[in-house]
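Trainee:
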Amino acid sequence: MKTTDPISRAEKVSWLLVTPLACVLAFFLLLPIATITVVSFWNYNEWSFFPDFILDNYAFHLTSHVTWATYLKTLKFMALTWIFCTAIGFTVAYFLAFHVRSLSVQIALFLVCTIPFWTSNIIRMISWIPFLGRNGIANSALIGMGVIDEPLEWLLYSDFAVVLAFVHLYALFMVVPIFNTMMRIDKSLIEAARDAGASSLQILTNVIIPLTKPGIMIGSIFVVTVVMGDFITVRHMSGGQSASVGRLISNEIALLQYPSAAASSVVLLCTVLIMIAVMMRFVDIRKEL
Amino acid sequence: MEPRPRSFYLLAAFFALFVIFLYGPILTIGVLSFQGPQGGLTFPMNGVSLHWFADLFEQQAVGDIWGSFRRSFALGLMVMIVTVVFSVMGGLAFRNRFRGSTVLFYVIIASLIIPSILVSLGVGLIFNILDLDVHWATSGFGAQLTWTLPFGLLIMFAVFNRFDRSYEEAARDLGANAWQTLRHVVLPIIGPSLIGIALFGFTLSYDEFARTLLTAGSYNTLPLEIFGMTTNVTSPVLYALGTLTTLFSLVIIGSFLTIGVVLRRRRTRLGSDAGKGLV
């Protein structure tokens, strides 16, 4: 009789368990990405697209100055959003983790921060309209206080509104991982630093920030990817006046120029993956789980 | 207790501002959805009424909101169940190293960070090329799973990292087989965390827009319907809808949290039989 090796048996069970998941990801993630890559070399006319091997889609995309301007704009949105989200996320997490003393209050305040995340993104976006509009709360308040004489036009439908909405939508993506890593910092390390004569600022820069780096990185990966791929926030909050790479793709889709949209998608995907690869050099995601 | 340092009050004020920033706009549209019939999209309030809520219930006025709500709800439930089941299976599988586990792990991470619109475009293209009809329950369903499964799995990884395997060993020593160990020991212990995965699965699906954009077919889900409305509806009926969906989300979170608390209580109540063998 053949003896069954226990290790290989456990492995077989693992494979069986993971099959449904792997199938979903293979068909709805890997295959789509492969299809996009293939279609990006296809040709198209006004009413259909068909197999071919042409580089025109890329050539057109990469040589158009619109593309480069759009990438620059998207990177600007990303950088600003990242800076604000990191600053806010770190400060909020720092307050919750090191200044709130009881665990149940920490959890309660943390929940307060997460609840808005569960409501619709689009609703949260449009909820800025009565705030920022020409006759909105912000303008009325500023006029009432005598700070300005006439309404500020750049509050709504502007780059300012886009970044504000991004920060509003995604600041939580920074709070959660940073709070998570901060909660795991051994408090005795901070006491040791204080006993050794470190000031609060030195503790922050030499102990807490280095130990929180993995959380900051994970949050950054989230913020960078959602902002790079976004097309709806930019469209809504800029009133259609600003472009982003995601909007470029969704416009091409709307015009049924699928091969062209596919080529733009491949370029976007490569850009995002390179950014992530750079960030992953600072943190081992697998170890953080 | 030592006195609070000054930095505490500064940070507390910052935190309060952050909370106002998060809630302020939503509360504003909540108030504005009670505009009078002549009221507009901004203050001042032009009377107080339920006019715009009533408008929502007249189907022809604002499109098929209730149909899309029903579809989103059904889709959310489907995604939720599959996410919970597949995530638990995946979580169990990843407790042992198996050949390909590293590759699969990176595919799961990739699933989280690949821009949603690419998944939408890719799935749409496949169905187009294969000459299949896109439908929210097939292509839309699959596209949403690529978003909810990674979240479910990451929660599962966190759960199993803290799982004490000696409970399972004890069960095996008492003669339980693998299925019995899972059914009577592992699942009851991880039960409350499954509520978290279910909540994630449902709400991520219920709110998902980009991944269903090209994969839902001719029947809209609620986020798609709302998106359509934002481009052509310029009355407070939009705010009324926003208020209702926000309230609905809160009810969902509330009920999941309640179930979680009840399960936890029950577990602590029934979990130990210490002393029961006496007299």
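These protein sequence lines map, in sequence, to chains A and B. Numbered by the working numbering, the letters in the first sequence go through residues 1 to 289 in order. Numbered by the working numbering, the letters in the second sequence go through residues 1001 to 1279 in order. Even for Gly, the Cβ is constructed at its ideal location relative to N, Cα and C.
Can you confirm whether residue 11 of chain A, when its beta carbon is compared against all beta carbons of chain B, has any partner nearer than 9 angstroms?
Mentor: By this cut-off, residue 11 of chain A is an interface position.
Trainee: Starting from the Cα of residue 1204 of chain B, find the closest Cα among B/1042, B/1025, B/1108 and B/1112 and give me that residue.
Mentor: Cα-wise, what sits closest to residue 1204 of chain B is B/1112.
Trainee: Residue 283 of chain A CB to nearest chain B CB: under 9 angstroms?
Mentor: Not one chain B Cβ lies under 9 angstroms of residue 283 of chain A.
Trainee: Measure from the C-beta of residue 168 of chain A to each C-beta in chain B and report whether the shortest distance is under 9 angstroms.
Mentor: It does: the Cβ of residue 168 of chain A has a partner Cβ on chain B nearer than 9 angstroms.
Trainee: Does the distance from the C-beta atom of residue 1140 of chain B to that of residue 1083 of chain B stay below 9 angstroms?
Mentor: No. Outside cutoff.
Trainee: Which residues in chain A sit within 9 angstroms of residue 1107 of chain B, going by Cβ to Cβ distance?
Mentor: Under the 9 angstroms cutoff, chain A gives 22, 25, 26, 29 and 30.
Trainee: Using 8 angstroms for Cβ pairs, my map puts residue 81 of chain A next to residue 166 of chain A. What's the rounded Cβ distance?
Mentor: About 4 angstroms; that satisfies the 8 angstroms criterion.
Trainee: At what residues does the alpha helix (DSSP H) containing residue 1128 of chain B begin and finish?
Mentor: Start and end: 1116–1129.
Trainee: Applying the criterion that 16 or more other CB atoms from any shown protein chain within 10 Å of the CB defines a buried residue, is residue 1 of chain A buried or exposed?
Mentor: Residue placement at residue 1 of chain A is poorly supported in this model, since its pLDDT is 47, which falls under 50; the coordinates are not used for a value here.
Trainee: Would you say residue 246 of chain A touches the ligand HEM, meaning its beta carbon is less than 8 angstroms from a heavy atom?
Mentor: In the structure shown, the ligand HEM is absent, as is every other ligand, since no ligand is present at all.
Trainee: Which stretch, first to last residue, makes up the alpha helix (DSSP H) that contains residue 57 of chain A?
Mentor: Counting along the chain, the alpha helix (DSSP H) containing residue 57 of chain A begins and ends at 56–63.
Trainee: What are the start and end residues of the alpha helix (DSSP H) that includes residue 1172 of chain B?
Mentor: Its alpha helix (DSSP H) spans residues 1166–1173.
Trainee: Where does residue 1038 of chain B fall in DSSP's three states?
Mentor: DSSP places residue 1038 of chain B in coil when its eight states are reduced to three.
Trainee: So with Cβ pairs under 9 angstroms, would you call residue 82 of chain A a contact of chain B?
Mentor: No, residue 82 of chain A lies away from the interface with chain B (no Cβ there is under 9 angstroms from its Cβ).
Trainee: Is the CB of residue 94 of chain A under 9 angstroms away from at least one CB in chain B?
Mentor: For residue 94 of chain A, the answer is yes, since a Cβ of chain B falls inside 9 angstroms of its Cβ.
Trainee: So what does residue 44 of chain A bridge to, in DSSP terms?
Mentor: For residue 44 of chain A, which the question treats as bridged, DSSP gives the partners A/49.
Trainee: Can at least three beta-carbon pairs, one atom from the stretch 1223–1230 of chain B and one from the stretch 1154–1173 of chain B, be found at a separation below 8 angstroms?
Mentor: No, they do not touch.
Trainee: How would you list, in chain order, the residues of chain A whose beta-carbon sits under 8 angstroms from the beta-carbon of residue 1019 of chain B?
Mentor: Those within 8 angstroms of residue 1019 of chain B in chain A are 112 and 113.
Trainee: Just grab the DSSP bridge partners of residue 1048 of chain B for me.
Mentor: According to DSSP, which records beta bridges pairwise, residue 1048 of chain B is partnered with B/1035.
Trainee: Just to confirm my understanding: we take residue 1264 of chain B, look at its own chain, exclude 5 residues before and 5 after, and list those with CB closer than 6 angstroms. What are they?
Mentor: Cβ neighbours of residue 1264 of chain B beyond the five flanking positions: 1192.
Trainee: Looking at chain A, is there any beta carbon in it that lies within less than 9 angstroms of the beta carbon of residue 1012 of chain B?
Mentor: Judged by the 9 angstroms Cβ criterion, residue 1012 of chain B is in contact with chain A.
Trainee: Any chance the stretch 259–274 of chain A sits against the stretch 1115–1129 of chain B, with 3 or more Cβ pairs inside 8 angstroms?
Mentor: Contact holds: three or more Cβ-Cβ distances are below 8 angstroms.
Trainee: Tell me the DSSP secondary structure of residue 1 of chain A in three-state form.
Mentor: Low per-residue confidence applies at residue 1 of chain A: pLDDT is 47, beneath 50, and the placement is therefore not dependable enough to give any value.
Trainee: At the level of alpha carbons, what is the spacing between residue 1185 of chain B and residue 1079 of chain B?
Mentor: Using only the alpha carbons, I get a separation of about 26 angstroms.
Trainee: Do the stretch 1091–1101 of chain B and the stretch 9–16 of chain A make contact, defined as three or more Cβ pairs closer than 8 angstroms?
Mentor: Yes, since at least three Cβ pairs between the stretch 1091–1101 of chain B and the stretch 9–16 of chain A fall closer than 8 angstroms, the two stretches touch.
Trainee: How long is the line joining the alpha carbons of residue 71 of chain A and residue 1105 of chain B, rounded to whole angstroms?
Mentor: Looking at the two C-alpha atoms, the distance is approximately 30 angstroms.
Trainee: Taking all protein chains shown into account, do 16 or more other C-beta atoms lie within 10 angstroms of the C-beta of residue 1261 of chain B, making it buried, or fewer, making it exposed?
Mentor: Classification for residue 1261 of chain B: exposed.
Trainee: Would you tell me roughly how many angstroms separate the C-alpha atoms of residue 1190 of chain B and residue 1180 of chain B, rounded to the nearest one?
Mentor: When rounded, the distance between both Cα atoms is 15 angstroms.
Trainee: What residues of chain A sit near residue 1043 of chain B, judged by a beta carbon separation below 9 angstroms?
Mentor: Neighbours of residue 1043 of chain B on chain A, chain order: 130, 135, 136, 137 and 140.
Trainee: Out of B/1038, B/1266 and B/1245, point me to the one whose CA is closest to residue 120 of chain A's CA.
Mentor: Nearest C-alpha to residue 120 of chain A: B/1245.
Trainee: Taking residue 1149 of chain B as part of the alpha helix (DSSP H), name the residues at either end of that continuous run.
Mentor: Its alpha helix (DSSP H) spans residues 1141–1161.
Trainee: How would you list, in chain order, the residues of chain A whose beta-carbon sits under 8 angstroms from the beta-carbon of residue 1099 of chain B?
Mentor: Here the neighbours are 11.
Trainee: Select from A/198, A/135, A/206 and A/163 the residue whose C-alpha is nearest the C-alpha of residue 77 of chain A.
Mentor: Nearest option by C-alpha distance: A/163.
Trainee: To the nearest whole angstrom, what separates the beta carbons of residue 29 of chain A and residue 1119 of chain B, a pair I think is in contact under 8 angstroms?
Mentor: 7 angstroms between Cβ atoms; contact.
Trainee: Can you confirm whether the stretch 211–219 of chain A touches the stretch 104–123 of chain A when touching is taken to mean that 3 or more C-beta pairs between the two stretches lie within less than 8 angstroms?
Mentor: The answer is no - the stretch 211–219 of chain A does not touch the stretch 104–123 of chain A, with fewer than three Cβ pairs under 8 angstroms.
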